[in-house]
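Numbering (this note's numbering), first residue to last: 283 to 526.
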Ligand SMILES: [Zn+2]
């Protein structure tokens, strides 16, 4: 369970713009019946500024609000790590360890991890896709193991696991029928990835964040939930550096 699902795609294409230094970003406005005031944030990938506003608020007020926060937005934008597309010699993070991509003609097309080196051959044009797919396959099998482990502990059947490519959420289990997990977690240390899986498994029993939910999560997860949460808060955005 995460944030309310907001479909940012359903919007007017003629978005107003805001200038932050040398870049210009679209301002995406969304009116919300339950909103009591204007709230503004930068999209996690830095691609747009999002303002949620009460249904009675005026567009002009929202734009003025964005303008008044221009400096703050520029500071936030500067903090987003720049995208570094993976290629030969790149250092990727895999289960919290640094692995170097060794691209050579004689190496297999499917990446193979050998002594901390990710050996891969094949065409350069599809290298990024093949690296991502390797990480995704690995993510799925790790998630399935983690989930089976926690479902056994909780005494419940393990639902199917699906990978998500969400820009912000790490996991969700909106219908109790299936757990969705962000594939990028395969780059994080094992205990961080496992804490997210344990969180979603606990939601199969408690569909809220009640004390009972937290008690179950503490029981299931072998590590410190607060430490794992802290790691994600501090480092989560870095998991988007190579593959967006
Ligand atoms: Zn939750």
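Quick reminder that beta carbons are idealized off the backbone N, C-alpha and C, glycines included.
Local conformation of residue 294 per DSSP, three classes: As a working mapping, residue 294 is identified with position 12 in the chain shown. Only weak support exists for where residue 294 lies, its pLDDT of 45 falling under 50; the value from the coordinates is given anyway. Residue 294 falls in the coil class under three-state DSSP.
Using only the alpha-carbon positions, how far apart do residue 457 and residue 443 sit? Within the chain shown, numbered from 1, the residue matching residue 457 stands at position 175. Within the chain shown, numbered from 1, the residue matching residue 443 stands at position 161. Spanning the two alpha carbons is a distance of roughly 12 Å.
Would you mind listing the alpha helix (DSSP H) stretches within the segment 475-516 that are 4+ residues and don't spill past its ends, in chain order? Taking only runs of at least 4 residues, the alpha helix (DSSP H) segments lying wholly in the segment 475-516 are 493-502.
Ends of the beta strand (DSSP E) at residue 322? Position 40 of the chain shown holds residue 322. The continuous beta strand (DSSP E) containing residue 322 extends over residues 321-324.
Would you mind listing the beta strand (DSSP E) stretches within the segment 407-455 that are 3+ residues and don't spill past its ends, in chain order? Along the segment 407-455, the beta strand (DSSP E) occurs as fully enclosed runs of 3 or more residues at 443-446, listed in sequence order.
What span of residues does the alpha helix (DSSP H) with residue 354 cover, start to end? For this step, residue 354 is matched to residue 72 along the chain shown. Residue 354 -> alpha helix (DSSP H) spans 352-361.
Please list, in chain order, all residues of the same chain as residue 287 whose beta carbon is under 6 Å from its beta carbon, the five residues on each side excluded. As a first step, residue 287 is located in the chain shown; it is residue number 5 there, counting from the start. With a pLDDT of 37 at residue 287, under the threshold of 50, the predicted position of this residue should be treated as unreliable, though the coordinate-derived value follows. Counting only Cβ-Cβ distances below 6 Å, and skipping sequence neighbours, we find nothing.
Say whether the segment 342-356 touches the segment 367-381, bearing in mind that this needs 3 or more beta-carbon pairs closer than 8 Å, one atom from each stretch. These segments do not touch.
Taking C-beta to C-beta, are residue 479 and residue 428 nearer than 7 Å? Indexing the chain shown from 1 puts residue 479 at position 197. Indexing the chain shown from 1 puts residue 428 at position 146. Cβ atoms of residue 479 and residue 428: closer than 7 Å.
Distance between residue 488 and residue 494 (C-alpha atoms, nearest Å): Numbered from 1 along the chain shown, position 212 holds the residue referred to as residue 494. Numbered from 1 along the chain shown, position 206 holds the residue referred to as residue 488. Those two C-alpha atoms are separated by around 7 Å.
With 16 as the cutoff for other CB atoms within 10 Å, does residue 296 come out buried or exposed? Locating residue 296 in the chain shown gives position 14, counting from the first residue. Burial call: exposed.
Please state whether the Cβ-Cβ distance between residue 340 and residue 322 is less than 7 Å. One-based indexing of the chain shown puts residue 340 at position 58. One-based indexing of the chain shown puts residue 322 at position 40. No, they are not a contact pair.
Can you tell me whether residue 497 is buried or exposed? The criterion is at least 16 other CB atoms within 10 Å of its CB, across all chains shown. Translated into positions along the chain shown, residue 497 becomes position 215. Flag for residue 497 reads exposed.
Taking all protein chains shown into account, do 16 or more other C-beta atoms lie within 10 angstroms of the C-beta of residue 486, making it buried, or fewer, making it exposed? If you number the chain shown from 1, residue 486 lands on position 204. Burial call: buried.
Measuring alpha carbon to alpha carbon, tell me which of 362, 389 and 505 ends up nearest residue 476. Locating residue 476 in the chain shown gives position 194, counting from the first residue. Minimum Cα-Cα distance from residue 476 among the listed residues 362, 389 and 505 corresponds to 505.
Quick check on residue 393: buried or exposed, where buried means 16 or more other Cβ atoms within 10 Å of its Cβ? As a working mapping, residue 393 is identified with position 111 in the chain shown. Residue 393 is buried by the Cβ-count criterion.
Run the CB neighbour count on residue 397, radius 10 Å, all protein chains shown included, and call it buried at 16 or more, exposed below. As a working note, residue 397 is residue 115 in the chain shown. Answer is exposed; the Cβ neighbour count stays below 16.
For a test of the three-state rule: what should DSSP assign to residue 341, helix, strand or coil? Taking the first residue of the chain shown as position 1, residue 341 is located at position 59. Assignment of residue 341 by DSSP, reduced to helix, strand and coil, places it in the helix class.
When you compare each of 468, 453 and 469 to residue 462 by their alpha carbons, which one comes out closest? Looking up residue 462 in the chain shown gives position 180. Among 468, 453 and 469, the Cα nearest to that of residue 462 belongs to 453.
According to the Cβ coordinates, are residue 473 and residue 510 closer than 7 Å? For the purposes of this step, residue 473 is identified with residue 191 of the chain shown, where counting begins at 1. For the purposes of this step, residue 510 is identified with residue 228 of the chain shown, where counting begins at 1. The answer is yes: Cβ separation under 7 Å.
Beta-carbon proximity list for residue 318, same chain, < 7 Å, skipping 5 on both sides: Taking the chain shown and counting its residues from 1, the one referred to as residue 318 is at position 36. Within the same chain, and ignoring the five residues on either side of residue 318 in sequence, the residues whose Cβ sits closer than 7 Å to its Cβ are 336.
Using the three-state DSSP reduction, which class does residue 318 fall into: helix, strand or coil? As a first step, residue 318 must be located in the chain shown, where it is residue number 36. In the structure shown, residue 318 adopts coil according to DSSP, grouped into three states.
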